[in-house]
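Protein chains: 2
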Amino acid sequence: MHPAGKPRRSQPTMADVAERAGVSTMTVSRALRKGGSIAAETQRRIIAAVDELGYVLDQTAGTLSSKRSGFIAALIPSINNSNFSDTARGVTEAVEGRDLQLLLGYTDYLVQKEERLVESMLRRRPEGIIVTGGRHTERTRRLLLDADIPVVETWDIPADPVGHVVGFSNADAAGKLVHDLHARGYRNIGFIGGSSNRDTRGADRRLGYTRAIAELGLPRSRVISFGKPPISMEQGGQAIVHLISQWPDVDAAVCVSDLSAFGAVMECHRRGWSVPGRIGIAGFGDFEVSRCCHPRITTVSIDGFGIGHAAAELLLRAIEGRRRQTPIAPEVMLVPFHVIQREST
Amino acid sequence: MHPAGKPRRSQPTMADVAERAGVSTMTVSRALRKGGSIAAETQRRIIAAVDELGYVLDQTAGTLSSKRSGFIAALIPSINNSNFSDTARGVTEAVEGRDLQLLLGYTDYLVQKEERLVESMLRRRPEGIIVTGGRHTERTRRLLLDADIPVVETWDIPADPVGHVVGFSNADAAGKLVHDLHARGYRNIGFIGGSSNRDTRGADRRLGYTRAIAELGLPRSRVISFGKPPISMEQGGQAIVHLISQWPDVDAAVCVSDLSAFGAVMECHRRGWSVPGRIGIAGFGDFEVSRCCHPRITTVSIDGFGIGHAAAELLLRAIEGRRRQTPIAPEVMLVPFHVIQREST
DNA sequence: CGCAAATCTGTTATCGATATCAAGGGATGC
DNA sequence: GCATCCCTTGATATCGATAACAGATTTGCG
């Protein structure tokens, strides 16, 4: 692979390339980046030297001198949730083609972990950062503000945003779902969610449920809190059993996400409880599994990909604005949600 | 947030901290990293200065002078597949606590995209890299070899590994599944997969299926290739309809992954075809949906988390060995797979 | 033909940290 | 009491690229 007789001591540097091509490092630098003014012949020679040496640009050094790291950070709660992986894809696709790289981090729904991640991201001087939700530790807020880079919060409408926002009200969305169920005749509606507020969006959905129940004057709210959020399919199955045994008159269940809704539907199936005959079940998030299973599950559709894409576009505009010395004003972008009526209710 | 009357011009540097604490930058550097010899009182003063200034270490500069980037790269095909997200979690957890950060990339099952990703990762000089599968472009191989860092290939057993390996034979695993179905009395076994070899592991599974069919002397193989890999739940549902209409005597279907198997099972349900009465359906990967749906789906269980964890451990050992000037020899670690017999066959 | 503009390339300084070596000062040992 | 060692701190050089400016060459155009 390497020229014999000349043992490589370490990675070749730009100086090695420059020497081989008979030019200065500055010329090499220009040849390797678009937009540099350089003679075609010189460029050809340099590219050849790069190939022969197997040279790979050291972006670390470049970042230091140009003060542009060339990457943006995005933090999402979980890699396993298709809503957030859609968002990550949206960000990825929006960033594609630009000379920016995406660095992803997973907070595991924990604000403390978010704080550690934010700091370790900032150490690498991202040009912008996308976070999920509006609840952060005090120190996280301070870090984000002091970092002096554009910030976008997603999947939520924070009361006191750190920077820009691309999100929706989880409470309103869940409330809308409850109202729709009510309109279809359901009266004893329960809620299935996780047993802590760790998942703040889940907590907001429960809030929206409770509020809607009150608005509609329905009997006291029937809430099953089960398992560490985000709750799984399996836990959804267990929770529906609890719900029905605790309040036998329940005629519908709103689940904190499609995963638990799916688990609930399948468990009912297994026990011979008809869905929606015995009980209607609705989810949240419009995961593929809800579209595909039998019966198909009523849910709230959120365009996770769109959120990611819009957040990234907004971030890029903000970064661009800052580069041009014309910062843009903080924006709050509301994304729509839709209740999708399917076979399970 | 900032001290009034003293407008910040830019991010504070270590020199600012040093000045405020009345020490040299070298002392600040030592105070901020574990293991530096430093007086407790000095450290306290420095930490105080850091807090007051809101200083965040610039790791870019640190990387340049210490020649240690402090991160490892991992490339997986897709963020949406729970097998690979499990692997990513395994890597994350193995890396946690060490002073290493994980940078994830998604190849979208495309070797060309992998090549671009590898290069852009290498630009940032990772200390090691984990890739998925054993098929790469020539240039990717060269980049990885020239990079002179530990490499681990996962989820496969490459014929000619680039570095270390943590994987299993997808062909053998699929073959085992077919043999088990045969043992249970199935004779007309079909296969449902994607319509290209873009997903190399999927292609290997099809190969294992074809080989097993030949070994068992079963009638010619019935393969439905449907949709761009990785095929979705929805596509699995469409494929099973094709399979049955094309070969009405088929009595079992092996699906390239649990997602398509699930889609197939649900579609059968919808059409009133009993599973496994009319047809047995098996998947691959042991996704949560297969454990949870009704009927539960027979599948091949692979410990994706374990693969990630083991790959990271191996990589860390290799990195450590290299630091100590005692490189470790290339290792091939086989991970077990199990056919899990469930209700769908 | 001549001068200005455009194109291409090189020199020098610099980004912000850490490696390395050296030195000051107090504790310890004999 | 003096040498030795350890602990702590600092000075200087350096990592590998790019910014900014300047110089050299070519091109454009009246």
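Taken in sequence, the protein lines are chains Z and D.
For my numbering, add 979 to where a residue sits in the first sequence, where the first one is 1.
For my numbering, add 979 to where a residue sits in the second sequence, where the first one is 1.
Think of the CB as a built atom: it goes at the ideal place given N, C-alpha and C, for glycine as much as any other residue.
Predicted model only: the values in this text are computed from it and were never measured.
{"query": "For D/V1254, the first and last residue of its enclosing alpha helix (DSSP H)", "result": "Taken as a continuous stretch (DSSP letters only), D/V1254 belongs to no alpha helix (DSSP H), as it is neither H nor E."}
{"query": "7 Å Cβ cutoff met for Z/Y1085 and Z/D1178", "result": "no"}
{"query": "Beta-carbon spacing of D/L1083, D/A1053 below 7 Å", "result": "yes"}
{"query": "Span of the beta strand (DSSP E) around Z/Q990", "result": "Unbroken run through Z/Q990: none, as it is neither H nor E."}
{"query": "Meets three-Cβ-pair contact criterion under 8 Å: the segment 1203 to 1220 of chain D and the segment 1132 to 1149 of chain D", "result": "no"}
{"query": "The segment 1097 to 1105 of chain D touching the segment 1034 to 1043 of chain Z, judged by at least three CB pairs closer than 8 Å", "result": "yes"}
{"query": "CB contact flag (Z/K1155, Z/V1318, <7 Å)", "result": "yes"}
{"query": "Contact under 7 Å by Cβ, D/H1221 with Z/H1273", "result": "no"}
{"query": "Every unbroken beta strand (DSSP E) within the segment 1181 to 1256 of chain D, with a cutoff of 3 residues, ordered by chain", "result": "1201 to 1204 and 1231 to 1234"}
{"query": "Integer-rounded CB distance, given that D/I1051 should sit under 8 Å from D/L1079", "result": "6 Å"}
{"query": "Residues in the segment 1051 to 1067 of chain Z having any Cβ partner in chain D nearer than 7 Å", "result": "I1058, N1059, S1061, S1064 and A1067"}
{"query": "Proximity test, Cβ basis, 7 Å: Z/P986 and chain D", "result": "Any reading at Z/P986 needs caution, since the residue's pLDDT is 39, under 50, leaving its predicted position unreliable; the model's value is listed next. Not closer than 7 Å to any Cβ of chain D, the Cβ of Z/P986 fails to qualify, so no."}
{"query": "Same chain, Cβ closer than 8 Å to D/S1211, five either side skipped, listed in chain order", "result": "L1238, S1239 and G1242"}
{"query": "Chain-ordered residues of the segment 1068 to 1087 of chain Z with a beta carbon less than 8 Å from chain D", "result": "R1068, T1071, Q1080, L1082, L1083 and Y1085"}
{"query": "Close Cβ partners of D/V1007 (< 6 Å) along its chain, the five nearest in sequence each way excluded", "result": "M993, V996, A997 and I1025"}
{"query": "Minimum Cβ-Cβ distance from Z/D1125 to chain D less than 7 Å", "result": "yes"}
{"query": "Neighbour-count burial assignment, D/D1030, 16 or more Cβ in a 10 Å radius", "result": "exposed"}
{"query": "Neighbourhood of D/F1316 by C-beta, 7 Å cutoff - its chain only, sequence neighbours within 5 removed", "result": "F1147, A1152, V1279, S1280 and I1281"}
{"query": "DSSP three-state assignment for D/F1170, whether helix, strand or coil", "result": "strand"}
{"query": "Rounded distance between the beta-carbons of D/T1066 and D/I1298, thought under 8 Å", "result": "The Cβ separation is near 19 Å, so there is no contact."}
{"query": "Assigned exposure category for D/D1265 - 16 Cβ within 10 Å defines buried", "result": "buried"}
{"query": "The segment 1265 to 1282 of chain Z: positions lying closer than 8 Å to chain D by Cβ", "result": "E1267, V1268, R1270, C1271, C1272 and H1273"}
{"query": "Minimum Cβ-Cβ distance from Z/M1245 to chain D less than 7 Å", "result": "yes"}
{"query": "Proximity test, Cβ basis, 7 Å: D/M1212 and chain Z", "result": "yes"}
{"query": "Alpha helix (DSSP H) runs contained entirely in the segment 1033 to 1066 of chain D, provided each spans 4 or more residues", "result": "1038 to 1045"}
{"query": "Proximal residues of chain Z, C-beta to C-beta of D/V1035 below 9 Å", "result": "E1098, L1101, R1102, R1104, L1122, D1125 and A1126"}
{"query": "Near-chain Z residues of the segment 1016 to 1048 of chain D (beta-carbon distance less than 8 Å), N- to C-terminal order", "result": "G1033, V1035, L1036, D1037, Q1038, T1039, A1040, T1042, L1043 and S1048"}
{"query": "Cβ-Cβ distance between Z/T1116 and Z/V1097 below 7 Å", "result": "no"}
{"query": "Short-range partners of chain Z found in the segment 1213 to 1239 of chain D, where Cβ spacing is below 9 Å", "result": "E1213, G1215, G1216 and L1238"}
{"query": "Contacting residues, own chain, Cβ-Cβ under 7 Å from D/L1293 (five flanking each side not counted)", "result": "V1131, H1143, V1145, E1310 and M1312"}
{"query": "Chain-order list of residues whose beta-carbon lies under 6 Å from that of Z/I1192 (same chain, five-residue window excluded)", "result": "S1200"}
{"query": "C-alpha gap between Z/S1325 and D/C1271, whole angstroms", "result": "Since the first residue shown for chain Z is 980 and the last is 1324, residue 1325 of chain Z is missing from the structure and cannot be characterised."}
{"query": "Where D/I1319 sits in the DSSP three-state scheme", "result": "strand"}
{"query": "Reduced DSSP category for D/V1144 - H, G, I as helix; E, B as strand; rest coil", "result": "strand"}
{"query": "Contact list for Z/H1248 against chain D, beta-carbon separation under 7 Å", "result": "H1273"}
{"query": "Z/P1056 versus Z/R1047 - alpha carbon distance", "result": "27 Å"}
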